[in-house]
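Visitor: Residue numbers (this note's numbering): 20 to 521.
1) Let me confirm a value: residue 365 is counted as buried when at least 16 other C-beta atoms fall within 10 Å, else exposed. Which label applies?
2) Considering only C-alpha positions, which residue in the set 447, 401, 456, 467 is nearest to residue 530?
3) According to DSSP, which residues form a beta bridge with residue 365?
4) Sorted by chain position, which residues of the same chain lie with C-beta nearer than 6 Å to residue 23's C-beta, five sequence neighbours on each side aside?
5) Do residue 64 and residue 141 have their beta-carbon atoms positioned less than 7 Å apart in this structure?
6) Name the two residues that bound the continuous alpha helix (DSSP H) containing residue 441.
7) In the DSSP assignment, the alpha helix (DSSP H) including residue 104 goes from what residue to what residue?
8) Return yes when the Cβ of residue 439 is within less than 7 Å of the Cβ of residue 372, no when it is not.
9) How far does the beta strand (DSSP E) with residue 88 in it extend, from its first residue to its last?
10) By DSSP, does residue 159 sit in helix, in strand, or in coil?
11) Rounding to the nearest angstrom, what Cα-Cα distance links residue 452 and residue 310 in this structure?
12) Are residue 75 and residue 36 touching if we call contact CB-CB under 7 Å?
13) With three or more beta-carbon pairs closer than 8 Å as the criterion, would you say the segment 317-331 touches the segment 456-475?
14) Answer with buried or exposed for residue 523, where buried requires no fewer than 16 other C-beta atoms within 10 angstroms of its C-beta.
15) Can you look up residue 333 in the DSSP assignment and give me helix, strand or coil?
16) Would DSSP call residue 99 helix, strand or coil?
17) Between the alpha carbons of residue 293 and residue 168, how many angstroms are there, rounded?
18) Taking just the CA atoms, how far does residue 155 sit from residue 110?
19) Just to confirm, are residue 79 and residue 382 a CB contact at a threshold of 7 Å?
20) Name, in chain order, the residues that DSSP records as bridge partners for residue 220.
21) Pick from 421, 113, 508: whose alpha carbon is nearest that of residue 339?
22) Should residue 286 be counted as a contact of the ligand COA given a C-beta to heavy atom distance under 6 Å?
23) With DSSP collapsed to three states, give me the class of residue 199.
24) Leaving out five residues on either side along the sequence, give the residues of the same chain with a beta carbon under 8 Å from the beta carbon of residue 284.
25) Would you mind stating whether residue 499 and residue 416 have Cβ atoms separated by less than 7 Å?
26) Quick check: residue 215 and residue 238, are their CB atoms within less than 7 Å of each other?
27) Does DSSP put residue 184 in a helix, in a strand, or in coil?
28) What did DSSP end up calling residue 211 once you bin it into helix, strand or coil?
29) Can you tell me the Cα-Cα spacing of residue 258 and residue 60, whole angstroms?
30) Tell me the rounded alpha-carbon separation between residue 341 and residue 399.
31) Is it a yes or a no for the segment 297-314 touching the segment 167-182, going by three-plus beta-carbon pairs under 8 Å?
32) On the premise that residue 153 lies in contact with residue 39, defined as a C-beta separation below 8 Å, what is that separation, rounded to the nearest angstrom?
33) Between the alpha carbons of residue 306 and residue 47, how many angstroms are there, rounded?
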């Protein structure tokens, strides 16, 4: 009995779990403080949340000296939480993305003039960020699903947080129903995997699933496929993408920005962990599936963006939504390539490098959209005509962000990221997928350049000066500086994205 008790008692490495723990703790503090803080002082809650996310990101620095693990089974190498290089890179992306979304939210809540509940908003955002930061460290299927849902459930509420807004409520309901369905399918898959292997730890699953009895082989294969469905949904891969445009339009703009980067990072991280770490022996199942998904996703996303009418209400946000679906297709390419490559770690590094580039420039594009949306609430693409005449800095940075997403100079980091994804596909022998990607890059050039050209045309009618509040200025400056710095030294991204996952 004493041996069993000793096996159950674990010492917790508090430093390893500090980043998600701080985000969750600050979320609770903000929710309780909201009960006592007078209405005039509510904006302080936003700055406390920004400081909490900054503190959580800062706690990544002490973890750089080596891998740490906690919540382990004594006598084995199976751990539920691992703070390795892969974990830290994704946590940096997630917490940095949440911090920038928080900066955008400060201005949005101020402009809403108390129509959005501030305490609930910040608690939900911090809770979602905590779940998203927990996910890359998860090394068993149960913790992975819990982290996925902790990241997702607050996001549903944030999308529908505008009381009495029909568009917001519909978007939240569509997001919720489709996400819950995908999670249920994933849970069924995980139950099949557990039934055939007798464990939930990823490394043990990888060992045992290779030696499943012949009569259970079909059950194990079905479990692998169903488990992938939930993570494919989170990445907005086609055909699980239909919630994206309406959700981005219905949500407050900072939440759309958050979902486009942090939500996507959560899905891709889960996908990497279950495919490359837990199911490497089933590469012949998930490899072709992800390659087909990548081709379908980038094509549908780019065609959807191409079809957006510039004069339609919210066309700028819809274009960014469809663009994010197309970008998800590019992100899937190296994960699919890992199934065919002798160097899976390098393939995964390409996905992480692309995700880092995409996060910086996409958040920057959303930040400029938030600036324009303050005076042009319909946020049409035509509202950006002549932006250079009224806000030269915002116009130049938006042009830079769009060129990065297109992969054109001077957005060298975008070109560099696309080349790494191309090389991952070619090196894995997926030449056909590289050709599909090349065709999609050409399609994307059209709508990115069309929007970019509009920024520098003569404005129609009376030009509107867009004011830049301090939080929006900081967000735009940070993303712009990061994009420009990385365009000057793009090799830093690959060095930083060296995951060390294996």
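Where a beta carbon is used, it is the ideal one built from N, C-alpha and C, also for glycine.
Guide: For this structure:
1) buried
2) In the structure as shown, the chain begins at 20 and stops at 521. Residue 530 is therefore absent and cannot be evaluated.
3) None, per the DSSP bridge assignment.
4) Residue confidence is low: residue 23 scores 48 on pLDDT, short of 50, so the model does not pin down where it sits. No coordinate-derived value is stated.
5) yes
6) 431-446
7) 104-130
8) yes
9) 87-91
10) strand
11) 7 Å
12) no
13) yes
14) There is no way to answer for residue 523, as the model of the chain reaches only from 20 to 521.
15) coil
16) strand
17) 16 Å
18) 7 Å
19) no
20) 159
21) 421
22) Absence of the ligand COA from the depicted structure is noted, as is the absence of any ligand whatsoever, leaving it without description.
23) helix
24) 109, 112, 113, 116, 151, 374, 378
25) yes
26) yes
27) coil
28) helix
29) 45 Å
30) 15 Å
31) no
32) 4 Å
33) 41 Å
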